[in-house]
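Participant:
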Amino acid sequence: MYLADASDATRCKAFPTTLSKAAMKWFDSLPPRSVTSFEDLSRKFLMRFSIQKDKVKHAPSLLGVKQEVGEPLRDYMKRFNKGCLEIQDLPTEAVIMELVNGLREGPFSQSI
Numbered sequence: 001m002y003l004a005d006a007s008d009a010t011r012c013k014a015f016p017t018t019l020s021k022a023a024m025k026w027f028d029s030l031p032p033r034s035v036t037s038f039e040d041l042s043r044k045f046l047m048r049f050s051i052q053k054d055k056v057k058h059a060p061s062l063l064g065v066k067q068e069v070g071e072p073l074r075d076y077m078k079r080f081n082k083g084c085l086e087i088q089d090l091p092t093e094a095v096i097m098e099l100v101n102g103l104r105e106g107p108f109s110q111s112i
């Protein structure tokens with residue numbers, strides 16, 4: 001069914017015919033007169049069912065931040081700090097452990 005040129009009302013009425021179980025249950029739970037347009041319906045649907053793009057990161061994600069061969073310590077620290085900023089409530093112990101774990105052998109890693 002091609003509805004690009006259809007009215008808002010027609011598209012809203014046709015919308016539920018495209019839904020399956022969970023989506024239909026959500027649609028049926030919408031309060032009467034809570035949808036003002038097809039754009040509004042689309043927005044509500046996407047807010048409910050689209051996959052969250054910004055996933056929450058946790059301390060173990062820092063395990064992947066390693067100092068590369070030939071990478072200056074300064075550059076590694078910038079990448080590591082950026083990774084730390086993406087994690088909420090990061091324990092200091094985890095920061096220290098992951099920082100040391102990601103360092104390559106060298107004068108700095110030997111001094112700590």
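In full-length UniProt numbering, the protein residues as written are 1 to 112.
Glycine is no exception: its CB is placed at the ideal position from the N, C-alpha and C atoms.
If you're wondering where the values come from, they're calculated on a predicted model, not measured in any experiment.
With distances taken between CB atoms, is the gap from Arg-11 to Trp-26 smaller than 8 angstroms?
Facilitator: Going by C-beta atoms, Arg-11 is not nearer than 8 angstroms to Trp-26.
Participant: Consult DSSP for Ile-87 and reduce its assignment to one of helix, strand or coil.
Facilitator: The answer is coil: DSSP assigns Ile-87 none of H, G, I, E or B.
Participant: Answer with buried or exposed for Gly-106, where buried requires no fewer than 16 other C-beta atoms within 10 angstroms of its C-beta.
Facilitator: So Gly-106 ends up on the exposed side.
Participant: So the alpha helix (DSSP H) Leu-46 belongs to, where does it begin and stop?
Facilitator: It spans 38-49 - the alpha helix (DSSP H) in which Leu-46 sits, taken as one unbroken run.
Participant: Please report the distance separating the alpha-carbon of Thr-17 from that of Ser-61.
Facilitator: So the two alpha carbons sit approximately 41 angstroms from each other.
Participant: Would you tell me roughly how many angstroms separate the C-alpha atoms of Ser-50 and Leu-85, rounded to the nearest one?
Facilitator: Roughly 25 angstroms separates the two Cα atoms.
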